[in-house]
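Engineer: With the first letter of the sequence shown counted as 1, position 254 gets the number 255 in this note's numbering; the numbers rise by one all the way through.
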Amino acid sequence: MRWALVKVCLAVTAMVVVAFAVPLGLVVKEMARDRAFSNAEREAAVVVPALSITTDRDQLERVVAAAGSDDGMAVHLPAGDGRPAVDLGRRRAAAADVAAVRKLGRASTTDVPGGSALLQPVALSLGTVVIEVYVPESEMSNGVGTAWAVLAAVGVALVVGSVAVADRLGVRMVQPARRLVEGAHELGEGKLGARVPEEGPDELRLAAVAFNSMADQVVQLLANERELAADLSHRLRTPLTVLRLNAASLGDSPAAEQTRTAVAQLEREVDTIIRTAREAKPQTAAPGPGAGCDVAEVVRERMAFWSALAEDEGRKVRTAGVDRPVRVPVARAELAAALDALLGNVFRHTPEGTAFAVDVHNSDDAVIVLVSDAGPGIPDPATAMARGRGSGAAGSTGLGLDIVRRLAESTGGDVRVGSSVLGGAEVRIWIQLDGREPVRRGHRGSVRRRRRPALR
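1. With three or more C-beta pairs closer than 8 angstroms as the rule, is the stretch 255-265 touching the stretch 308-319?
2. Could you compute how far the alpha carbon of P177 sits from the alpha carbon of A337?
3. Starting from L344, trace the alpha helix (DSSP H) both ways and give me its first and last residue.
4. Rounded to whole angstroms, what is the Cα-Cα separation between S151 and D59?
5. Hey, quick one: how far does the alpha helix (DSSP H) through P122 stretch, first residue to last?
6. I'd like to know whether the C-beta atoms of V368 and V361 end up nearer to each other than 8 angstroms.
7. Just to confirm, are V113 and R91 a CB contact at a threshold of 8 angstroms?
8. For L423, which three-state DSSP category applies?
9. What first and last residue would you give for the beta strand (DSSP E) that runs through V318?
10. Taking W431 as the reference, give the member of V9, G413, S420, G425 with the closest Cα.
11. Thinking C-alpha only, which one of A165, D374, D403, L188 is nearest A385?
12. Give the DSSP bridge partners of C294, in chain order.
13. Where does I432 fall in DSSP's three states?
14. On a CA-only basis, which of A216, V175, G425 is nearest E200? Give me that one, please.
15. Looking only at its own chain, which residues have a Cβ that is under 8 angstroms from the Cβ of P290, when we skip the five neighbours before and after it?
16. Determine the burial state of P330: buried for a count of at least 16 other Cβ atoms within 10 Å of its Cβ, exposed for fewer.
17. Under three-state DSSP, which class holds G156?
18. For G461 and A22, which I take to be in contact (beta-carbon distance under 8 angstroms), what is that distance rounded to the nearest angstrom?
19. Do you know how far the Cα of A332 is from the Cα of R407?
20. Since D98 is in the alpha helix (DSSP H), which residue starts that stretch and which ends it?
21. At the level of alpha carbons, what is the spacing between A96 and A15?
22. Give me the Cα-Cα distance between D435 and V418, rounded to the nearest whole angstrom.
23. Let me know the secondary structure DSSP gives V197 once reduced to three states.
24. From R63 to V76, what distance separates their C-alpha atoms?
25. Helix, strand or coil: which one does DSSP assign to L237?
26. According to DSSP, is A375 part of a helix, a strand, or is it coil?
27. Alpha carbons only, please: which of T273, G322, F38 is nearest the one belonging to V507?
28. If you draw a straight line from the alpha carbon of A287 to that of V160, how long is it in whole angstroms?
29. Just curious, the beta strand (DSSP E) that V140 is in, first and last residue?
30. Which residue comes first and which comes last in the alpha helix (DSSP H) that contains A383?
31. Just to confirm my understanding: we take M215, look at its own chain, exclude 5 residues before and 5 after, and list those with CB closer than 7 angstroms. What are they?
32. Would you mind working out which of V65, A356, A309 sits nearest L423, comparing C-alpha positions?
33. Is W4 helix, strand or coil when you go by DSSP?
34. Determine the direct distance from the alpha carbon of Y135 to that of G128, and round the result to whole angstroms.
35. Which residue from G116, D98, G115 puts its Cα closest to that of S109?
36. Would you call L371 buried or exposed, if buried means 16 or more other Cβ atoms sit within 10 Å of its Cβ?
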């Protein structure tokens, strides 16, 4: 917008300058020519009284020499009474031109080498005398170059001034628009305190007012959401307390210990949800250098937790790729929650005795975590990936897979649901290491990439 205004103003000012400067320059040139011939007429008028007094050649030559400078004047006397025609001074005009002026009795100009000549007729008793005054080209253009230079300087100054004014006006319009864009980006990044100064042109000022009002409503809606989440989570404390008391009376068996551990972890998760929901600001900052966790360590820890239940249900468990550290730029708690969601789905939606496996593959720019089972599979992956819809089975809300999807997409990765080599479902978590933004197509949670690196 700023450069568009500058270009428009530059074009308009240039056209105005050309429209006025060119005709004015031609007028200046014509005025210089008229001034030169006016001076020539005055010089010719000096000789007229002498011609009226005497016709003596010597006296007239002295008068012509005194009136004209540098042989710039000539007097053409007509023939008569046995007297031949006489030319006093240096004649430049052609004889035909002199004869024509004498015959017509009207002043005229004619082009001669190096300039022009004014032919002025004077009627005397001896006949019509023609006075020739030479006007050099330099005299006709005297001052024209300076005047044109002044006009050009004024034109350039007008163009530069108009561009400067247009640039200032453009800045006045562009800066509020840029602040509005920056405020929208900040709000989109989770900076809920982003506001835009309500200034500038009326249209942009009204847009800033609308943006600030929208931001206030977003903050209020998020605050209401956090309070609702905190209240709903707080309601879980009572049944959790009952579960903890019941678990305490189960004795010292492995199943009882596992139940008590699960209840304790559930209490911690509920407390975390309440604290997070009541925070004034959401956690939107990207992890800094060195942040993240070891995928192999988290997988070993969660598999150790779920292996006891798998043993009770007669499930075969296999892990691969967890024998060496594999760093990823995600928080440990988030990765553990995603793994628990996937492993919990295996126990919830497959019959007892169904085997499952967790594999970790890593490359230079990505890490893939595969959770596969030998169950009936997922018939509609697109529906399963939709938040809040689930697979349609009892107890399925779709929130577990949505947690996994948000974890992967926070790194620029994705989640895919398909068929595993075990014959059941396979959920692949692609965790991007270099932070590249994927190109998204299709249903939510599905990402297509132009190239996949080879895994090791």
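In this text, a Cβ means the ideal position worked out from N, Cα and C, and glycines have one as well.
From a predicted model like this one, the values you see are computed outputs, not experimental measurements.
Structural biologist: Straight from the coordinates:
1. yes
2. 45 angstroms
3. 333-350
4. According to the sequence as given, residue 151 is Val; it is not Ser. Between V151 and D59, the C-alpha separation is close to 48 angstroms.
5. Run containing P122: none in the alpha helix (DSSP H); it sits in the beta strand (DSSP E), 116-125.
6. yes
7. no
8. coil
9. 318-321
10. G413
11. D403
12. V329
13. strand
14. V175
15. At P290 the pLDDT is 47, less than 50, meaning the model places this residue with poor confidence and gives no usable figure here.
16. buried
17. helix
18. Within the shown structure, residues of the chain are numbered from 2 to 457, placing residue 461 beyond reach of any answer.
19. 12 angstroms
20. 96-105
21. 49 angstroms
22. 23 angstroms
23. coil
24. 12 angstroms
25. coil
26. coil
27. No information on residue 507 is available, as it lies outside the stretch 2 to 457 that the chain covers here.
28. Because the pLDDT of A287 is 45, which lies under 50, any placement of that residue in the model is unreliable, and the question is left without a value.
29. The sequence shown places Glu at residue 140, rather than the Val named in the question. Segment 138-141 is the alpha helix (DSSP H) holding E140; no beta strand (DSSP E) there.
30. 382-386
31. none
32. A356
33. helix
34. 23 angstroms
35. D98
36. buried
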